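Peer 1: After the structure tokens below, expect a handful of questions from me.
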Amino acid sequence: MSEQQPNGRSLPPALAQVVEDFNDLEIPDRLQLLLEFSDGLPPLPQRYAEHPELLEPVPECQSPIFLHVEVEGDDGDAVVHLYFSAPPEAPTTRGFAGILHEGLDGLSAAEVLAVPMDFTDHLGLGEAVSMLRLRGMAAMLFRIKRQVQEKMAG
Amino acid sequence: MTMPFDDDARFADYAHPQRIVGTKWLERHLGSEDLVVVESDEDVLLYEVGHIPSAVKIDWHLDLNDPVTRDYIDGEAFARLMSAKGITRDTTIVVYGDKSNWWAAYAMWVFTLFGHEDVRLLDGGRALWQAEGRAMTRAVESREPTDYPVVDRDDSVERAYLPAVLDFLGGQLVDVRSEPEYTGERTHMPDYPQEGALRGGHIPGAVSVPWAKAANDDGTFRSRAELEQIYLTEQGLDPSEPVVAYCRIGERSAHSWFALKHLLGFEDVRNYDGSWTEWGNLVRVPIVKGAEPGEVAR
Chain X
381 MSEQQPNGRS
391 LPPALAQVVE
401 DFNDLEIPDR
411 LQLLLEFSDG
421 LPPLPQRYAE
431 HPELLEPVPE
441 CQSPIFLHVE
451 VEGDDGDAVV
461 HLYFSAPPEA
471 PTTRGFAGIL
481 HEGLDGLSAA
491 EVLAVPMDFT
501 DHLGLGEAVS
511 MLRLRGMAAM
521 LFRIKRQVQE
531 KMAG
Chain L
10 MTMPFDDDAR
20 FADYAHPQRI
30 VGTKWLERHL
40 GSEDLVVVES
50 DEDVLLYEVG
60 HIPSAVKIDW
70 HLDLNDPVTR
80 DYIDGEAFAR
90 LMSAKGITRD
100 TTIVVYGDKS
110 NWWAAYAMWV
120 FTLFGHEDVR
130 LLDGGRALWQ
140 AEGRAMTRAV
150 ESREPTDYPV
160 VDRDDSVERA
170 YLPAVLDFLG
180 GQLVDVRSEP
190 EYTGERTHMP
200 DYPQEGALRG
210 GHIPGAVSVP
220 WAKAANDDGT
230 FRSRAELEQI
240 YLTEQGLDPS
250 EPVVAYCRIG
260 ERSAHSWFAL
270 KHLLGFEDVR
280 NYDGSWTEWG
290 NLVRVPIVKG
300 AEPGEVAR
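Now the structure itself:
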């Protein structure tokens, strides 16, 4: 399925698997898979659950979502961990967060920064949730990359 | 009208009490073959998370908007949609949704453009149904397709296009967006994407009545007396004169359209669905910034 690789650049394996899984499904079933990601979004660890002010809001999403990035190390090999918080009444946004967590958590900073910004266009979700709503996921990726860069520099 | 009305005393004072039902009424009538419950949300996945048993899903973006032109679907597409959802022309439709029924009111307004006679709103929407601990399910029932007729959409009564709004300047315009959007400080809702309009402010002469003023904290509509205080006493709106309501894309103003038309009985209420994403991008239309409605240039 090379035609689904954005810009011909390869995605990290876990994220490529997510893209492939969505594209293998009929459109109504893609919504069910998104629901699985929504249901499966890990809860915040205690240290963030008790300190919501440490999380960054993503106003580009239509529903409230907060994210936080941890970077272990200060070079390209540093390991990235992602934390998200979104309420159950915002399942689409939770699903987007679940996809990013599945695809990016535990990767190196260099790998996260190399993810093409338009990978969200290749999930086959445009017809299932609308391109308008997908913009929210691209905004989350943008903010994740920015936090990774800031934390490597800091 | 096939289903009985909800004769709850809370609704008796409204101008058209047959357009609204309570959660108790709906629970009692679930399963009636003359009734189809429609969930319409901002969040496209919320229905899948759990919905009122037997409810069908209609998404404003994927089902009601034309995929190419900025417009609603046509009569043939509407007939296909209704058929697929098991709705006949005589079915009583009860719509509910998230966000205090914004999208439910918007769906109801679109159904009205197609002249579907019996459409009602669930007071309090999804949040109240859930808060009361009523049944929710993830099960999706398949429905027998119906023979819904192809009906031309009639935009002339309930919908305002830009030229009509330009001609309407000086009339009763109601801006239902948040205060910072009205004054021009923002071009989007608080906490929503900063997108969609190149200029901020409001249409000259429009009064500011944020949609949420029509709702209680639990998402139900305020009483008739409270609504009269807000729209008639405070704003001086005249129910016998035409009104045009607008917001950013026409969804919040559908909520106000419902309150003005069906709860207060305003005779002529149109929703300007082009709203600020159209007006705020047009070359050389007049705009007023700040908290006052402003003067209409003659």
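Chains as they are written, first to last, in the working numbering: chain X, 381 to 534; chain L, 10 to 307.
For each residue, glycine too, the CB sits at the ideal point set by N, CA and C.
Keep in mind the model is a prediction, meaning the values are calculated, not measured.
Can you name the start and end residues of the beta strand (DSSP E) that Ala254/L belongs to?
Peer 2: 252-255
Peer 1: For Met193/L, which residues in the same chain have their Cβ closer than 6 angstroms to its Cβ, ignoring the five residues on either side in sequence?
Peer 2: The sequence given here has Gly at residue 193/L, not Met. So the list reads Gly209, Gly210, Lys298, once near-sequence residues are dropped.
Peer 1: Quick check: is the beta carbon of Gln384/X nearer than 8 angstroms to any beta carbon in chain L?
Peer 2: Only weak support exists for where Gln384/X lies, its pLDDT of 47 falling under 50; the value from the coordinates is given anyway. Against chain L, the CB of Gln384/X has no partner CB under 8 angstroms away; the residue lies outside that interface.
Peer 1: Closest to Ala429/X by CA distance: which of Leu415/X, Asp419/X, Phe499/X, Phe446/X is it?
Peer 2: For the residues Leu415/X, Asp419/X, Phe499/X, Phe446/X, the minimum Cα distance to Ala429/X belongs to Phe446/X.
Peer 1: Verify the CB distance criterion: does Ala533/X have a CB-CB separation below 8 angstroms to chain L?
Peer 2: Cβ-Cβ to chain L under 8 angstroms: no for Ala533/X.
Peer 1: Per DSSP, what kind of secondary structure is Lys298/L in: helix, strand or coil?
Peer 2: When DSSP states are grouped into helix, strand and coil, Lys298/L belongs to the coil group.
Peer 1: Mapping the DSSP letters down to three states, classify Lys5/L as helix, strand or coil.
Peer 2: Given that chain L is displayed from residue 10 to residue 307, the structure contains no residue 5/L and the question cannot be resolved.
Peer 1: Who are the near neighbours of Gln384/X in its chain, counting only those whose CB is closer than 7 angstroms to its CB and skipping five residues on each side?
Peer 2: Summary for Gln384/X: the model assigns pLDDT 47, below 50, so the residue's position carries little reliability; its value from the coordinates is reported in the next sentence. Around Gln384/X: Val399, Asn403, His502.
Peer 1: Would you check if the distance between the CB atom of Ser63/L and the CB atom of Glu150/L is smaller than 8 angstroms?
Peer 2: A Cβ-Cβ contact shorter than 8 angstroms links Ser63/L with Glu150/L.
Peer 1: Distance, Cα to Cα, Glu287/L vs Asp164/L?
Peer 2: 17 angstroms
Peer 1: Anything in chain L within Cβ reach of Gly475/X, meaning under 8 angstroms, just list it in chain order.
Peer 2: Under the 8 angstroms cutoff, chain L gives Leu54.
Peer 1: Nearest to Gln529/X by CA position, among Leu435/X, Thr473/X, Asp454/X, Asp419/X, is which residue?
Peer 2: Asp454/X
Peer 1: Which same chain residues, not among the five before or five after Phe14/L, have their C-beta less than 7 angstroms away from its C-beta?
Peer 2: Pro26, Gln27
Peer 1: What residue does the alpha helix (DSSP H) around Arg98/L start on, and which one ends it?
Peer 2: Run containing Arg98/L: none; DSSP gives neither H nor E here.
Peer 1: Hey, could you find the ends of the alpha helix (DSSP H) Gln529/X is sitting in?
Peer 2: 511-533
Peer 1: Closer than 8 angstroms, CB to CB, is Arg427/X near chain L or not?
Peer 2: no
Peer 1: Chain L partners of Pro432/X, CB-CB under 9 angstroms?
Peer 2: Against Pro432/X, chain L offers no close residue; the least beta-carbon distance is about 15 angstroms (beta-carbon pairs closer than 9 angstroms).
Peer 1: Give, in chain order, every residue of the region 461-474 of chain X whose Cβ lies closer than 9 angstroms to some Cβ of chain L.
Peer 2: Pro468, Glu469, Ala470, Pro471, Thr472, Thr473, Arg474
Peer 1: Find the nearest neighbour of Gly179/L within the set Trp112/L, Ile96/L, Gly303/L, judged by alpha-carbon distance.
Peer 2: Looking at Trp112/L, Ile96/L, Gly303/L, the one whose alpha-carbon comes closest to that of Gly179/L is Gly303/L.
Peer 1: For Lys525/X, which residues from the same chain have a beta carbon less than 6 angstroms from its beta carbon, with the 5 sequence-adjacent residues on both sides left out?
Peer 2: Leu493
Peer 1: Mind checking if Leu493/X is an interface residue toward chain L, Cβ cutoff 8 angstroms exclusive?
Peer 2: no
Peer 1: Please state whether DSSP places Thr11/L in a helix, a strand or coil.
Peer 2: coil
Peer 1: Taking a contact to mean a Cβ-Cβ separation below 8 angstroms, would you say Ala215/L touches Asp184/L in this structure?
Peer 2: yes
Peer 1: Label Ser382/X either buried or exposed according to how many other C-beta atoms from any shown protein chain fall within 10 Å of its C-beta, with 16 as the threshold for buried.
Peer 2: In this prediction, Ser382/X scores a pLDDT of 39, lower than 50, which makes its location untrustworthy; no coordinate-derived value is stated.
Peer 1: Would you say Val353/X reaches chain L, if we count a Cβ-Cβ gap shorter than 8 angstroms as a contact?
Peer 2: Coverage of chain X is limited to positions 381 through 534, which leaves residue 353/X absent and any answer about it impossible.
Peer 1: Spell out whether any CB of chain L is found under 8 angstroms from the CB atom of Met381/X.
Peer 2: Low confidence applies here, because Met381/X scores a pLDDT of 41, under 50, leaving its location unreliable; read the following figure in that light. Met381/X does not count as touching chain L.
Peer 1: Do you know how far the Cα of Leu182/L is from the Cα of Leu71/L?
Peer 2: 29 angstroms
Peer 1: Counting Cβ pairs, one atom from each stretch, are 3 or more of them under 8 angstroms apart for the region 265-278 of chain L and the region 111-120 of chain L?
Peer 2: yes
Peer 1: Under 7 angstroms between beta-carbons, which chain L residues line up against Arg526/X? List them in chain order, please.
Peer 2: Result: empty, since nearest Cβ-Cβ is about 17 angstroms, beyond 7 angstroms.
Peer 1: Hey, out of Glu416/X, Phe522/X, Pro425/X, Leu435/X, whose CA is closest to Leu55/L's CA?
Peer 2: For the residues Glu416/X, Phe522/X, Pro425/X, Leu435/X, the minimum Cα distance to Leu55/L belongs to Glu416/X.
Peer 1: Can you round the beta-carbon distance between Gly5/L and Thr155/L to whole angstroms, since I take them to be within the 8 angstroms contact cut?
Peer 2: Residue numbering for chain L in the displayed model covers 10 to 307; residue 5/L lies beyond these limits and cannot be assessed.
Peer 1: According to DSSP, which residues form a beta bridge with Leu434/X?
Peer 2: Paired residues: none, contrary to the question.
Peer 1: Which ranges would you report for the beta strand (DSSP E) in the region 424-486 of chain X if only whole runs of at least 3 residues count?
Peer 2: 446-452, 459-465
Peer 1: Taking Cβ positions only, does Arg513/X come closer than 8 angstroms to chain L?
Peer 2: yes
Peer 1: Ignore the nearest five residues each way along the sequence and tell me which others in Ala24/L's own chain have a CB closer than 7 angstroms to its CB.
Peer 2: His271, Leu272, Leu273, Gly274
Peer 1: Would you report the Cα separation of Pro158/L and Ile82/L, rounded to the nearest angstrom?
Peer 2: 15 angstroms
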